[in-house]
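Residue numbers (this note's numbering): 1 to 277. In this text, a Cβ means the ideal position worked out from N, Cα and C, and glycines have one as well. Since this is a predicted model, take the numbers as computed values, not measurements. What follows is a short report on a single structure.
In structure tokens form, the structure reads like this:
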């Protein structure tokens, strides 16, 4: 019988990193994740094609490039759109380490002397921070008990759109070339879109509401609840979610200017357009 196995298979890429997910595999829909018994996922380095995919502007903007690269480098994940937000940074770090190594260079401009400072970040130390990340699901408000789930990567794209609307509002407010009437009109339009996005995202994060009237998991009923709840309850929900985001984020990078020795600090955020550059 003829052997059709590729004689070059021994030169194919192999897993370079093994990692555990902060979620421990929770929150994934059936069929999305093939979690090994030991809970550790093998991460392959990117291929040349993966690097080209990350240079496609439209795909970067809508998240399609990130999805394609993760599915290429993490075969255990079958649909990267459904990755819970709590796991995304860990997976991106794993792909970066597997491809380029454990150090990533960043630049920070000094506000005092304008010197551009370059520092190296230990990505392994960052990944260690994610081991303590935990999503707190339940919140009690009076006689209500709400259960939350992390947003998926697909839903996170809507969060990016919300941030875009926020930045647009600031540009409108600071635009002195617009007359007051036009500014009010544009501000109102952007504010309404931002409000709708915020309410929609919060509704997607709540997966169950328990009340004296029973348990509700119906998506439409929960969305209606979020749209009509009083301000105090809405603020409590928003504060809970903001708290989860703060607790499950990296510590700020701290350094010293190489020119004037001023203290420097910057939040560590992964922008896919330069994280894999």
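Nearest to residue 105 by C-alpha distance, out of 183, 226, 64, 123, is 123. For a cut-off of 8 angstroms, the C-beta gap from residue 90 to residue 19 is around 6 angstroms, short enough to register as a contact. The C-beta separation of residue 32 from residue 69 comes to about 17 angstroms, leaving the pair out of contact by the 8 angstroms criterion. For residue 253, the uninterrupted beta strand (DSSP E) run begins and ends at 253 to 256, by DSSP.
Distance between residue 23 and residue 185, taken at the CA atoms: about 43 angstroms. Taking C-alpha positions only, residue 248 is separated from residue 213 by approximately 33 angstroms. Across the set 235, 136, 75, the C-alpha of 75 shows the shortest separation from the C-alpha of residue 40.
By the criterion of at least three beta-carbon pairs nearer than 8 angstroms, the segment 211 to 228 is not in contact with the segment 251 to 269.
When the five nearest sequence neighbours on each side are left out, the beta carbons in the same chain lying within less than 8 angstroms of the beta carbon of residue 115 are those of 109, 257, 258, 259, 260, in order along the chain.
The three-state secondary structure of residue 11, taken from DSSP, is helix. Following the DSSP letters along the chain, one finds residue 109 inside the beta strand (DSSP E) bounded by residues 103 to 109. By the neighbour-count definition (other C-beta atoms within 10 Å, threshold 16), residue 244 is a buried residue.
Residue 65: not part of any beta strand (DSSP E); member of the alpha helix (DSSP H) spanning 64 to 73, first to last residue. Beta-bridge annotation (DSSP): residue 211 is paired with 214. The continuous alpha helix (DSSP H) containing residue 191 extends over residues 180 to 205. For residue 46, the closest alpha carbon among the candidates 130, 36, 12 is that of 12.
A residue is called buried once 16 or more other Cβ atoms fall within 10 Å of its Cβ, and residue 65 is buried on that count.
Counting along the chain, no alpha helix (DSSP H) covers residue 77, and no H or E run does either.
In this structure, the alpha-carbon of residue 15 lies about 15 angstroms from that of residue 38. For residue 42, the pairing in a beta bridge is given by DSSP as 18. When secondary structure is reduced to three states using DSSP, residue 268 falls in the coil class, being assigned neither helix nor strand. Taking C-beta atoms under 8 angstroms as the contact rule, residue 253 and residue 266 qualify, at a distance of about 5 angstroms. Here residue 87 is buried: its Cβ has 16 or more other Cβ atoms, across all protein chains shown, within 10 Å.
Residue 269 counts as exposed, since fewer than 16 other beta carbons sit within 10 angstroms of its beta carbon. For residue 246, the enclosing alpha helix (DSSP H) covers residues 231 to 247.
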